[in-house]
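**Q**
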Amino acid sequence: YNKYKKEISINKTLDISNRTVYPRAKTESSEDIVPLPKFINKMMSERLEREKRSHKHFNERNYFIFGGLAPKHYSHVHKKFQRAFPHYNIHVLRHSYASFLANNGVDIFVLQSLMRHAQITETMGTYSHLYTQKKHDAIAVFDE
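Mapped onto my numbering, the consecutive letters of the sequence shown carry residue numbers 64 to 207.
As structure tokens, this is what we get:
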């Protein structure tokens, strides 16, 4: 996480089925730097400052958003996430993020990049139904 650039590095894998945290992302296209909205950056910055105050040997490079300094197991990350979002799971958060962007007109290729999908077909197969209004808007140019 870089509060000055307002971005987060995606570079680990949380394997839900095996309940394990792996030190690398699932695929090469999964690793990326993702920009953060201002309100999330503010929350992250405040949380990071709290963590720095409570841990003597705090190292930002080894910090997991929902796992603290060294989560070795899925359950550690899952418990932290559940405390923050008791009625949701990590996958729901990911889909909500993508749906919000799609519903607000973000280009499907930009969405593909933000979701770190290797192929546009994966993004389109999952989120194309959210672009129905865009089809109507495209045809409306003939009526202008």
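We put the beta carbon where it would ideally sit given N, CA and C, even for glycine.
Tell me the rounded alpha-carbon separation between Tyr67 and Met107.
**A** Spanning the two alpha carbons is a distance of roughly 11 Å.
**Q** Taking all protein chains shown into account, do 16 or more other C-beta atoms lie within 10 angstroms of the C-beta of Thr195, making it buried, or fewer, making it exposed?
**A** Exposed, by the Cβ-count rule.
**Q** Apart from the five residues just before and just after Leu164, which ones in its own chain have a Cβ nearer than 6 Å to its Cβ?
**A** Contacts found: Leu174.
**Q** Could you give the C-beta distance for Ile71 and Leu99, rounded to a whole number, given that I count them as a contact under 8 Å?
**A** With a Cβ gap of about 6 Å, Ile71 and Leu99 count as contacting.
**Q** Measure the alpha-carbon distance for Asp206 versus Ile171 and round it to whole angstroms.
**A** Those two C-alpha atoms are separated by around 24 Å.
**Q** Return the bridge partner residues of Asn65 from the DSSP annotation.
**A** BP columns for Asn65 point to Glu70.
**Q** Where do the ends of the beta strand (DSSP E) carrying Asp95 lie?
**A** Here the beta strand (DSSP E) through Asp95 covers 95 to 98.
**Q** According to DSSP, is Val169 part of a helix, a strand, or is it coil?
**A** Correct three-state label for Val169: coil.
**Q** In chain order, what residues of the same chain lie with their CB nearer than 7 Å to the CB of Ala161, ignoring the 5 residues before and after it?
**A** If we look at Ala161 and ignore the five residues flanking it on each side, its Cβ neighbours are Leu174, Met178, Tyr190.
**Q** Chain B beta carbons: is any one of them nearer than 8 Å to that of Asn152?
**A** No chain B is part of this structure, which consists of one protein chain only.
**Q** With 16 as the cutoff for other CB atoms within 10 Å, does Asn122 come out buried or exposed?
**A** It counts as exposed.
**Q** Please report the distance separating the alpha-carbon of Glu185 from that of Ser159.
**A** Rounded to whole angstroms, Glu185 to Ser159 spans 16 Å at the Cα level.
**Q** Can you tell me which of Lys115, Ser117, Lys197 puts its alpha carbon nearest to the alpha carbon of Asn167?
**A** Comparing Cα positions, the closest option is Lys197.
**Q** If we ignore side chains and look at the alpha-carbon of each, how far apart do His141 and Ser117 end up?
**A** Going from the Cα of His141 to the Cα of Ser117 covers about 21 Å.
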